[in-house]
Amino acid sequence: MEEHHRRNQILTVIAVGIGLLFLYGAQEYATSYQIRILNNCALFVILAASYNLINGVTGQFSLEPNAFVAIGAYTSALLTLTPAEKQLSFIIEPIMWPLGVLHAPFFISLLAAGVVTAFVGFLMGFPVFRVRGDYLAIVTLGFGEVVRVVANNTQTITNGPLGLKGIAPHTNLWWSWGIAIITVFFIARLVRSSFGRAMKAVKYDETAAEAVGINAFWHKMLAFTTSAFFEGVGGGILAHLITTISPTLFTFFLTFNLLIMIVVGGLGSTTGACIAAIIVTFGGEYLRFVEEPINFWFIHIPAIPGMRMVIFSIILILMMIFARNGIMGTKEFSWNWVLNKIKPVKIFLRKKP
Amino acid sequence: MDFFTTKNLTMKFGGLVAVNDFNITLEKGEIVGLIGPNGAGKTTVFNMIAGYYPPTEGAIVFQENIIGGKKANEITKLGIARTFQNIRLFTELSVVENVMIAYHCRIHSTFIGAVLRLPLYRREEKMMYEGAMEYLREVGLDDLALEPSGSLPYGKQRRLEIARALATGPQLLLLDEPAAGMNPNETQELLQLILRLRDNHNLTIFLIEHDMKFVMQICERMKVLDYGTTIAEGTPEEIQNNERVIKAYLGEA
């Protein structure tokens, strides 16, 4: 059905190979600051791609990813911490029984994070998808807050506001980008399958989708649960990247960041979400200078913390006015498009005497 | 057992009785029309049959399944497909994708199988694509398969909607004003198309239409609604000469 399918697959494999070589180089030679940024990129690629599945592809505007990331982060952190470490951390009240003794390797903990989060997402889907549109946004926003408040108060499970400390720094570039590639691969394929088409149908016209036999509810659930799974795994990656987690990390601010990414990337485009995740993460680092005091000739601007967010917000406003479709719109990155762009250049070069 | 029957179908919106005691029996292979002045409750009947409104009273039986109160997607899977009065395509998606979406309810793959592109899914994807192209060929849109469906002219959008409804594999097809907004030429083409589709797919067709010439030509039998009540039924000739029908359309002299 698609032109040059085989060739494009080969090009993708080559691109991934080059990416891995680059990662190998980075792991060996880059500074720890650079590695940190690359890890953040991968993390946000995972989160944005999965958030886009429910918000962009299926068109169900929801605001809960901070909750899913929190559940994933706590699940995997509680599994990789050794029983002794957990006993030391929980100083106010001892940890609940099975959690205190459970211990698992990193990979298993990531898997568990995904499964637990997906299960929570699945249960949550039943009440949540009884409503649509603005109401859905508000209900899911509420859920995000509830999880954070629960995490703050269940002293025997999450250690409350003290958070979990001393999580082993398992996340390196291989883990983060490996999971990112798997996530994007899985989601992109899902979106391009018959199930993805059904999700788009639900987004564009739910009534018509039902008329052609699509169960809108179950397709929303599929998108939501899949999204929850990968956000949970992303949470596990996050916990083992920054090694300390507490409820304050999982405020609405995280969701807001992801929302910027998927809107900038183009709602509904998985590759757009990935590109935007990388641009926004790098942009955020690059813009750090605006939060430092600036001496420009005779003008002296004092340090303004939070200035980056102001700039991001301005960019977002400008995008909503001038480029509402984001970088990719609903289109996906395609090799055919790239090669078609290159072709005129080739012909032009050949024509030269 | 009848192919399709409704018994005392009634729909009330608050105090308003939109449809009152609607009874109809369809035989396999028939083309039956539903006409009536604006606001007579014709689309409400369709919405009840297709599962958008749960009937306030009455029963709908389709091939021994009681479908009153079932959800729209379940009813579609049982074999009743519909088109809409105001065309509802997935305008951002391509023509062939619109039809392939309708095929989705007929596949057996799981989403994991789809992501991993297991052999069953590959087969089904191929079947969906080829099947969709076949339906498009039937309605004469196969050369436009990759165009965005929103860019099609009106008449072709109507035909695409019919192709999409066919792709769900229905036995009963509900057409809500298929000829609306078409010129006489297009209407004649549509008429031929509907007759051809009925024969090729063993369809039973129940349609709402305002274009009297079209209805009289295509329908073997028809029913007339006014203010939610059935005021007449019979062959086109009988309807044309029915006093009450003329009154309902033209008002009292």
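Chains as they are written, first to last, in this note's numbering: chain A, 1 to 353; chain B, 1001 to 1253.
Ideal placement from N, C-alpha and C gives every residue a C-beta, glycine not left out.
Please read all numbers here as calculations on a predicted model, not as lab measurements.
- Within the same chain, and ignoring the five residues on either side of Ser-50(A) in sequence, the residues whose Cβ sits closer than 6 Å to its Cβ are Ser-227, Phe-230, Glu-231.
- Runs of alpha helix (DSSP H) with 4 or more residues, each lying fully within the region 1134-1188 of chain B, are found at 1154-1166, listed in chain order.
- Taken through DSSP and simplified to helix, strand or coil, Leu-1093(B) comes out as coil.
- By the rule that beta-carbons nearer than 7 Å mark a contact, Ile-342(A) does not touch chain B.
- The DSSP-derived three-state label of His-300(A) is strand.
- Burial check for Asp-134(A): the Cβ neighbour count within 10 Å stays below 16, so the residue is exposed.
- What Met-1100(B) touches in chain A, judged by beta-carbon distance under 9 Å, is Ser-194, Arg-197, going in chain order.
- For Leu-162(A) and Ala-84(A), the gap between their C-alpha atoms comes out near 17 Å.
- Rounded to the nearest angstrom, the gap between the Cα atoms of Gly-1079(B) and Arg-1106(B) is 11 Å.
- Out of Val-345(A), Met-320(A), Ser-176(A), Pro-94(A), the CA that lies nearest to the CA of Ile-37(A) is found in Ser-176(A).
- For Thr-140(A) and Phe-217(A), the gap between their C-alpha atoms comes out near 16 Å.
- Around the Cβ of Met-124(A), a 10 Å sphere holds 16 or more other Cβ atoms; the residue is buried.
- Glu-1220(B) sits close to Ile-1031(B), with the two beta carbons spaced by under 7 Å.
- For the C-beta of Leu-267(A), not a single chain B residue is nearer than 9 Å; the gap to the nearest is close to 12 Å.
- Along the region 319-332 of chain A, going in chain order, the ones with a CB nearer than 8 Å to a CB of chain B are Thr-330.
- In this structure, Val-1095(B) and Leu-1141(B) form a Cβ contact; the two beta carbons are roughly 6 Å apart against a cut-off of 8 Å.
- Within chain A, no residue has its CB atom less than 8 Å from the CB of Phe-1022(B), the nearest being about 21 Å off.
- Cα atoms of Gly-1051(B) and Ala-239(A): separation of roughly 47 Å, rounded to the nearest angstrom.
- The Cβ atoms of Ala-30(A) and Ala-180(A) do not sit closer than 7 Å to each other.
- Residues are counted here when their Cβ sits less than 9 Å from a Cβ of chain B; for the region 242-258 of chain A the count is zero.
- Straight-line measurement puts the Cα of Ile-279(A) at about 55 Å from the Cα of Ile-1066(B).
- CA-CA distance, Gln-1171(B) to Thr-1230(B), rounds to 25 Å.
- In the three-state DSSP reduction, Glu-210(A) falls in the helix class (H, G or I).
- Residue environment analysis places Pro-1178(B) among the buried positions, since at least 16 neighbouring C-beta atoms fall within 10 angstroms of its C-beta.
- Excluding its 5 nearest sequence neighbours in each direction, Thr-1076(B) has C-beta neighbours in its own chain below 7 Å: Cys-1105, Thr-1168, listed in chain order.
- The count of Cβ pairs closer than 8 Å, one atom from the region 144-155 of chain A and one from the region 59-78 of chain A, reaches three, so the stretches are in contact.
- The three-state secondary structure of Arg-36(A), taken from DSSP, is helix.
- Contact check for Phe-1046(B) and Asp-1176(B): beta-carbon distance about 6 Å, within the 8 Å limit, so the pair qualifies.
- Annotation: the continuous beta strand (DSSP E) that includes Ile-1080(B) extends over 1080-1082.
- In the DSSP assignment, Gly-1036(B) falls outside any alpha helix (DSSP H), carrying neither H nor E.
- Contact check for Glu-1057(B) against Thr-1110(B) fails: the beta carbons are separated by 7 Å or more.
- Under the Cβ distance rule, Thr-1043(B) does not count among the residues neighbouring chain A, no pair being separated by less than 7 Å.
- By the rule that beta-carbons nearer than 7 Å mark a contact, Ala-1132(B) does not touch chain A.
- Secondary structure note for Asp-1211(B): it is in no alpha helix (DSSP H), with a DSSP letter that is neither H nor E.
- For the set Ile-237(A), Thr-330(A), Ile-311(A), the Cα lying nearest the Cα of Gly-265(A) is the one of Thr-330(A).
- The shortest C-alpha to C-alpha distance from His-103(A) to any of Ser-313(A), Trp-297(A), Thr-80(A), Lys-346(A) is the one to Thr-80(A).
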